[in-house]
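Report on the structure given below.
Numbering (this note's numbering), first residue to last: 3 to 240.
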């Protein structure tokens, strides 16, 4: 499992730079004002196709057919686990030479995670500060490799049976921290998915966008997130 929670806000986005293609494999030039993006998405079950997640990336693939969107979501993972595999999965470090050379040079990284940690606040001693530290570590690794980070806030999940006041407070704290990153150097943009996915009770995922567990998104929920990214961060994609 995996997911998130939280407060309202708008969508912040800064466009990134086009990718450099090897001369011997150069695609047709992008249309004027358009860019090719090579994007890695790090996350949990919401991003993991094996857990019925990642459908927001499918929408981006349709909107941006010449760009590339790869999922590195793993169901049930906390952000400390994502941090441990970030260098290998996104940067290609620690892989054998053949696999490393096959790894694309990503221009952007979408990072979405934290609910798994909040669900483990008692069993694994996870705290908002620990979540923030692990997210920051991934943002920093990406930045050092000239990869533009697209930080997503935690989505609302207040209707889930595991939700309680302590987890609500953690969700709000992490989301406030992520929102405050907008315009700062550690990330290229912040997309606040919370207000897009909630309705009625602020901390609850809209029934129209939710699985029965009130935590995971259905196809409509993924479409909402995909459209938000397509219309902001990737509005100029090819």
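Note that beta-carbon positions come from the ideal geometry of N, C-alpha and C, so glycine has one too.
- For the pair residue 76 and residue 86, the Cα-to-Cα distance works out to about 13 angstroms.
- The C-alpha of residue 160 is placed about 13 angstroms away from the C-alpha of residue 197.
- With contacts defined as CB atoms closer than 7 angstroms, residue 153 and residue 180 qualify as a contacting pair.
- Segment contact: the stretch 124–132 against the stretch 140–154, fewer than three CB-CB distances shorter than 8 angstroms; contact not assigned.
- Annotation: the stretch 63–132 contains the following complete segments of the beta strand (DSSP E) (minimum length 3 residues), in chain order: 70–75, 110–114.
- Note: residue 45 is bridge-paired with 75, 114 in the DSSP secondary-structure output.
- Nearest to residue 108 by alpha-carbon distance, out of 172, 175, 69, is 69.
- In the three-state reduction of the DSSP assignment, residue 234 falls in the coil class, being assigned neither a helical nor a strand state.
- For residue 217, the closest of 235, 163, 201, 50 by C-alpha to C-alpha distance is 163.
- By the beta-carbon neighbour count (other beta carbons within 10 angstroms, threshold 16), residue 188 is exposed.
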